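Asker:
Chains as they are written, first to last, in this note's numbering: chain A, 471 to 784; chain B, 17 to 241.
1) Which stretch, first to last residue, makes up the beta strand (DSSP E) that contains residue 721 of chain A?
2) Could I get the ranges of all uninterrupted beta strand (DSSP E) runs contained in the region 161-222 of chain B, with 3 residues as the minimum, in chain order?
3) Can you find a CB in chain B that lies within less than 9 Å of the CB of residue 769 of chain A?
4) How about residue 514 of chain A and residue 506 of chain A: do their beta carbons lie closer than 9 Å?
5) To which residues of the same chain is residue 661 of chain A closer than 6 Å at the C-beta, ignoring the five residues directly before and after it?
6) Excluding the 5 residues preceding and the 5 following residue 579 of chain A in the sequence, name in chain order all residues of the same chain whose CB lies nearer than 7 Å to its CB.
7) Would you call the region 570-579 of chain A and the region 652-669 of chain A in contact, with 3 or more CB pairs under 8 Å?
8) Whose C-alpha, out of B:203, B:168, B:40, B:57, is nearest the C-alpha of residue 83 of chain B?
9) I need the boundaries of the beta strand (DSSP E) containing residue 146 of chain B, first residue and last residue.
10) When you compare the CB of residue 179 of chain B with every CB in chain A, is at least one pair closer than 9 Å?
11) Verify the CB distance criterion: does residue 22 of chain B have a CB-CB separation below 9 Å to chain A?
12) Decide yes or no for the touch test of the region 183-196 of chain B against the region 159-169 of chain B: beta carbon pairs closer than 8 Å, at least 3 of them.
13) Output the residue ranges of the alpha helix (DSSP H) runs that lie fully inside the region 40-109 of chain B and measure 4 residues or longer, sorted by chain position.
14) Applying the criterion that 16 or more other CB atoms from any shown protein chain within 10 Å of the CB defines a buried residue, is residue 172 of chain B buried or exposed?
15) For residue 480 of chain A and residue 622 of chain A, I'd like the C-alpha separation in whole angstroms.
16) If you drop the 5 nearest sequence neighbours on each side, which residues of the same chain put their C-beta closer than 7 Å to that of residue 637 of chain A?
17) Just mark residue 782 of chain A as buried or exposed, buried being the case when its beta carbon has 16 or more other beta carbons within 10 Å.
18) I'd like to confirm something about residue 727 of chain A: is its beta-carbon nearer than 8 Å to some heavy atom of the ligand NAD, or not?
19) What are the residues of the region 494-522 of chain A that lie near chain B, defined by any Cβ-Cβ distance shorter than 8 Å?
20) Starting from residue 193 of chain B, find everything on chain A with Cβ-Cβ shorter than 9 Å and list it in chain order.
21) Under 7 Å Cβ-Cβ, which residues of chain B neighbour residue 657 of chain A?
22) Could you tell me which chain A residues have their CB closer than 8 Å to the CB of residue 61 of chain B, listed as they occur along the chain?
23) Which value, in whole angstroms, describes the spacing of the CA atoms of residue 139 of chain B and residue 536 of chain A?
24) When you compare each of A:775, A:488, A:729, A:779 to residue 592 of chain A by their alpha carbons, which one comes out closest?
25) Could you check whether the Cβ of residue 222 of chain B sits closer than 9 Å to any Cβ belonging to chain A?
26) Could you pull out every residue in the same chain whose Cβ sits closer than 8 Å to the Cβ of residue 493 of chain A, ignoring the five residues on either side in sequence?
27) Please list, in chain order, the chain B residues whose beta carbon lies closer than 8 Å to that of residue 740 of chain A.
28) Would you mind giving the Cβ-Cβ distance between residue 226 of chain B and residue 619 of chain A, rounded to the nearest angstrom? I have them listed as a contact below 8 Å.
29) Could you list which residues in chain B have their beta carbon closer than 8 Å to that of residue 766 of chain A, in chain order?
30) In chain order, what residues of the same chain have a beta carbon less than 6 Å from the beta carbon of residue 495 of chain A, not counting five sequence neighbours either side?
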């Protein structure tokens, strides 16, 4: 029998994710996929797996998993507090971005992410799960993807693939914060009053608890619409900032509804998406307006930086 | 006609076909959608057609906005056959248990439940698009005399299978979902089939949809099938 983890506690919302699913917007399926792509790539490299392999993503509280099988190397990526409970009752404090050996009967307890939202977990060899429609990513509402489209469940078993290497890898890495989330003007930017446009960039917004993989709801200055508060429903993309009649922005995230009828104030640039999704409930966000060519350059820079960090993992 | 192309963020095109909602404009959107679906342009990752817009997402690692915009502007417009469109009949039960907003509708429209149901059943509806949640069809146009705004406060959870109306449109909730449409009834049919990768949608854009009434007994029987 192959090695497996038994789920002792699934955590708040733990799902299998890879880089997402293309070409299904027109039937109402979003990309899904990992929220924080950089941490996903670092994790796979540290595990010695293919960079696009599916991993377990968790938010705030992670899963508690008991390991059955031969020795494996696990890695946790993000800002995450976790402990390894050895079979002989000793406890080891977990360190992120570092291979840790698990033996038969050991338990990994992922307690929480700190000052961030998402964390990532994988193992050398990776998880033996089913691909659906070109991706392993789980989209919970339509029940599409790995694990029958469901988040991790108590007592389920997660089987592991065989592995080719068991190298110990380590990376010195700190997730940096940015002072501004940079956005481009949305297609309905001009629907909003001059005063509200100014306030959007001069004041701060708070991330409310009504935020998940679908969207991030913000509260701050009420952004006033002086034209139409409803538009005919049309396509949405990841990062779109919709502003409904109540004036509170909602940012579309990876599991967003594919169509929406609220005006689009702006769109978060691709280079800042990983940082955006990691801003936890109760924290403040400030936005900055930039131009398209800057956004394109920042994306190139961000990718280059990710590549450089990946190259530091030997 | 495609009137203009804007960027929607740094990795999507927003193709504008005008502001009106009509079958003619929508067929134009669907035409672009079909052509792009059939002639894969490298870098395109998703297509979201709607009443009068087409959003195209692309992989910023491969191509940028201006390059993709040129490709779309220079797209060779071939004739697309809509031969594959279907006529679909959807059974609906209007039992009080399912017609969650019937009281609101009878009051606001000053019509009887029977006449509201008949007006819905009398028309045949064109599917403009699917989306929001997987497989949800946006159908139109309903009889003007039952036009109704969205709920002032949307429901946290609309039950799967619910038939709703808002403005000149009706739809079917393919999954339990938040939503603000006025709910008239419920269908026992599975509108989105996750076990069918090639064709998960029962209703596709361009299809023609009619509704017919079933009793609660028939609803339960069909649900069990």
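Beta carbons: idealized from backbone N, C-alpha and C, even for Gly. Owing to the predicted nature of the structure, the values given are computational and were not obtained by experimental measurement.
Answerer: A quick look at the data gives this:
1) 720-722
2) 171-174, 178-182, 185-188, 193-195, 198-202
3) yes
4) no
5) 695, 697, 733
6) So the list reads 534, 552, 553, 555, once near-sequence residues are dropped.
7) no
8) Put simply, of B:203, B:168, B:40, B:57 the residue whose alpha carbon is nearest the alpha carbon of residue 83 of chain B is B:57.
9) It spans 141-146 - the beta strand (DSSP E) in which residue 146 of chain B sits, taken as one unbroken run.
10) no
11) yes
12) yes
13) 81-89
14) exposed
15) 5 Å
16) So the list reads 518, once near-sequence residues are dropped.
17) exposed
18) Looking for the ligand NAD in the displayed structure turns up nothing, as the structure carries no ligands at all.
19) 494, 495, 496, 497, 498, 499, 501
20) 611, 727
21) 22, 24, 30
22) 492, 493, 501
23) Between residue 139 of chain B and residue 536 of chain A, the C-alpha separation is close to 58 Å.
24) Closest option to residue 592 of chain A, judged by alpha-carbon separation, among A:775, A:488, A:729, A:779: A:488.
25) Output row for residue 222 of chain B: interface = no.
26) 604
27) 25, 26, 27, 76
28) At roughly 31 Å, the Cβ-Cβ gap does not stay under 8 Å, so residue 226 of chain B and residue 619 of chain A are not in contact.
29) 26, 76, 80, 81
30) 728
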